[in-house]
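Numbered per the working numbering, the sequence shown spans residues 32 to 600.
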Amino acid sequence: MKILILILSVLSFWLMADAAHADPITAAIAAISQFIGSVGVIGKLVLTVAINVGLSLVEKALAKKDQPQQAGAKLEISMGDDHPMSFIMGSYATAGRRKYAGSWGEDGKTPNAYFTDVIEVGNLPNYAGERGLTSVWIDDQQVGVLWEEPHPDGRGFPVLQYRVKGKDYLWIKFLDGTQSSADAFLTAKFGSNPDRPWKPTMIGLGCQVVILTARYNTNLFSGIPAGLYQPHPVPLYDIRKDSSVGGNGTHRWDNPASWEPTSNPATMIYNLARGVYRGSEWVCGGQNIAAFCLPAANWMAAANACDAPVALGDGTSEPAFRAGYEVQCDQQPLDVISELLKGCNGRMAEVGGIFKVLISTPGGAVYSFSDDDIVVTEEQDFQPFPSLSDTYNAIEATYPEPTEKWATKDAPGRYNADLEAQDGNRRLPAQIQLPTVPFANQVQRVGLAMIQDYRRFRVHQVSLPPDAYPLEPNDVVSWTSVRNGYDEKKFLVVKVEPQPNFLIVVTLKEVDPADYDWHSGLQLPTATGWIGPITPPSQPMVGWTVEPATVKDAGGIDRRPAIKISCAA
């Protein structure tokens with residue numbers, strides 16, 4: 032008991048600590064963890080204490096975080112070594128961090144005609160090889176890389192939009208994080224630089240790196256080319272593909288070489304909860320979280336729910352939920368997890384050190400009761416609706432739009448005249464940020480489910496008999512109540528509190544699985560604007576003629592033969 036009190040005291044201080052306290056407190060927690068000698072206790076305790084249990088998806092989305100969160104993709108390059116490590120999960124882009132820059136070489140009579148920029152875009156390898164970039168933006172246009180035409184000196188591959196009359200002016204090279212020695216091209220160009228040599232130790236172990244080389248051309252570049260890079264997703268462990276735990280496949284938690292790239296948010300959350308590592312080195316997320324703490328059946332079902340196909344307005348389909356995010360390693364892991372949950376209508380709960388997740392639609396009722404089953408000698412609480420200041424009847428969401436250079440974009444607002452009439456003819460929008468969802472149609476599905484779930488206002492707190500003891504958060508119960516007019520009405524269990532007298536106090540929020548139904552008729556059009564260089568259109572020549580003529584002198588005498596060219600406009 033004394034040990035537990037000591038742990039909680041240190042943990043309380045850790046939860047209040049700012050960045051300056053992080054290292055010593057982390058060391059203290061590690062020391063206590065070693066002292067008590069129990070695997071996973073600290074990791075589970077930190078995760079358990081920090082989990083935020085909210086009632087509605089909108090309330091969860093609007094909940095303020097202790098630390099500022101990035102609103103979308105990082106669009107401007109960073110410089111210096113005072114930035115945290117980061118890595119990209121799923122489909123996302125970043126401007127990266129400049130690690131080196133220098134000029135070299137000649138082009139005709141132009142000295143220092145080439146500029147090379149070395150940009151770190153992630154601190155975990157994606158094992159995708161030299162072609163491991165999904166998309167590239169340079170300045171204000173998305174460009175194509177000519178992957179079949181590598182330059183012989185190792186500077187990389189030419190960029191199509193910067194090839195003029197057969198001459199290339201921009202090349203790109205990608206290191207996927209598996210490099211084991213300093214890049215030969217950088218060593219050749221800058222290894223003997225007297226001021227800032229590229230040293231043999233400059234390998235970038237485990238880091239994804241973009242090497243951008245530009246040839247001087249004032250018509251193409253007004254300054255240093257500004258890039259935005261979307262690398263292939265990092266491989267993650269997918270419990271569904273592990274046959275040793277009931278899945279189907281060769282994935283193994285202790286063998287990262289068996290993992291595969293994914294944009295599945297449930298899979299991302301699972302990996303963050305158990306911890307992200309490079310080899311044996313911890314990078315981010317939980318520590319010492321054992322596999323049994325995340326039950327395989329529950330997490331497999333969650334991942335399958337994310338992959339379920341959803342019909343679109345054009346007759347095609349897409350997975351119900353995908354995600355992408357640049358994880359900053361100084362973020363609290365649960366802040367990252369909450370952002371991912373927000374983007375897939377997810378809820379996560381902890382019961383006795385076991386973590387379960389619910390994606391979107393609640394399941395069937397696992398427990399039924401009536402008014403007669405409620406222990407009336409215990410206190411009850413009922414909240415029929417929130418205050419006006421906490422009432423919403425519309426949803427307005429922002430998200431990163433890949434076709435607009437990953438800038439933050441407004442999704443079509445979701446409004447409902449009937450709800451506005453119920454609220455005194457007032458439009459009360461909830462403004463939601465979805466930085467982990469760079470998919471326009473998914474943003475609409477998430478937003479609609481959020482506002483419909485939120486409008487299920489009724490919240491009860493009642494005491495149930497001991498046979499309700501197995502209930503857990505995110506379970507669904509059925510309640511028949513003459514007093515309230517319920518006929519097998521469904522409620523989501525949001526909180527369970529066992530009492531010393533073996534009664535169970537449960538907090539219930541009304542829920543309707545139909546709130547999560549979607550069909551293509553609900554899809555609203557999303558307009559995207561042009562992003563790219565704007566060039567004036569060519570002006571056509573009208574009435575163009577050619578005819579013989581003469582050049583006269585000052586006296587009007589013909590002196591030379593000529594050709595007269597004219598046009599009407």
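Beta carbons: idealized from backbone N, C-alpha and C, even for Gly.
C-beta contact flag for residue i and residue j at 8 Å
i           : j           : result
residue 464 : residue 429 : yes
residue 608 : residue 446 : Residue numbering for the chain in the displayed model covers 32 to 600; residue 608 lies beyond these limits and cannot be assessed.
residue 333 : residue 397 : no
residue 487 : residue 525 : no
residue 473 : residue 353 : yes
residue 164 : residue 208 : no
residue 537 : residue 521 : no
residue 242 : residue 259 : no
residue 480 : residue 546 : yes
residue 235 : residue 151 : yes
residue 294 : residue 153 : no
residue 206 : residue 256 : no
residue 475 : residue 344 : no
residue 266 : residue 296 : no
residue 594 : residue 577 : yes
residue 351 : residue 336 : yes
residue 371 : residue 299 : yes
residue 359 : residue 115 : yes
residue 162 : residue 244 : no
Coarse secondary structure for residue i, derived from DSSP in three states
i           : result
residue 143 : strand
residue 220 : helix
residue 549 : coil
residue 129 : strand
residue 558 : coil
residue 588 : coil
residue 343 : coil
residue 272 : helix
residue 175 : coil
residue 350 : strand
residue 195 : strand
residue 116 : coil
residue 338 : helix
residue 599 : coil
residue 135 : strand
residue 265 : coil
Residue i versus residue j - alpha carbon distance
i           : j           : result
residue 226 : residue 133 : 11 Å
residue 496 : residue 417 : 28 Å
residue 403 : residue 514 : 11 Å
residue 436 : residue 469 : 11 Å
residue 80  : residue 384 : Residue confidence is low: residue 80 scores 37 on pLDDT, short of 50, so the model does not pin down where it sits. No coordinate-derived value is stated.
residue 323 : residue 305 : 11 Å
residue 357 : residue 303 : 13 Å
residue 355 : residue 379 : 19 Å
residue 329 : residue 510 : 25 Å
residue 499 : residue 408 : 17 Å
residue 177 : residue 166 : 12 Å
residue 579 : residue 585 : 20 Å
residue 46  : residue 393 : The pLDDT assigned to residue 46 is 37, lower than 50, so where the model puts this residue is not dependable; a value taken from the coordinates is nonetheless given after this. One C-alpha to the other measures close to 32 Å.
residue 589 : residue 194 : 48 Å
residue 182 : residue 168 : 20 Å
residue 551 : residue 341 : 8 Å
residue 331 : residue 493 : 32 Å
residue 489 : residue 275 : 43 Å
residue 369 : residue 247 : 46 Å
residue 110 : residue 240 : 14 Å
residue 485 : residue 125 : 33 Å
residue 308 : residue 321 : 14 Å
residue 273 : residue 264 : 20 Å
residue 229 : residue 148 : 13 Å
residue 571 : residue 172 : 27 Å
residue 375 : residue 482 : 14 Å
residue 413 : residue 316 : 37 Å
residue 405 : residue 285 : 48 Å
Assigned exposure category for residue i - 16 Cβ within 10 Å defines buried
i           : result
residue 60  : Low confidence applies to residue 60: its pLDDT is 42, below 50, so where it sits in the model is not reliable enough to give any reading.
residue 529 : exposed
residue 250 : exposed
residue 597 : exposed
residue 346 : exposed
residue 204 : buried
**Study point:** Length-filtered (4 minimum) alpha helix (DSSP H) runs lying within the segment 363-397
**Key:** For the segment 363-397, the continuous alpha helix (DSSP H) assignments of 4+ residues that do not extend past its boundaries occur at 364-373, in sequence order.
Exercise for review: Scan the segment 198-259 and note each continuous alpha helix (DSSP H) run of 4 residues or more that stays entirely inside, going in chain order.
Suggested key: If only complete runs of 4 or more residues are kept, the segment 198-259 shows the alpha helix (DSSP H) at 215-221, in order along the chain.
Point to revise | Secondary structure, beta strand (DSSP E): runs of 3+ residues fully inside the segment 395-462 | key: Under the rule that a run must span 3 or more residues, the beta strand (DSSP E) segments found entirely inside the segment 395-462 read 396-401, 412-414, 425-432, 438-441.
**Study point:** Every unbroken alpha helix (DSSP H) inside the segment 275-327 [4 residues or more]
**Key:** Unbroken alpha helix (DSSP H) stretches of 4 residues or longer found wholly inside the segment 275-327: 296-305, given in chain order.
**Study point:** Whole beta strand (DSSP E) elements within the segment 466-501, 3-residue minimum
**Key:** Whole beta strand (DSSP E) segments, 3+ residues: 490-495.
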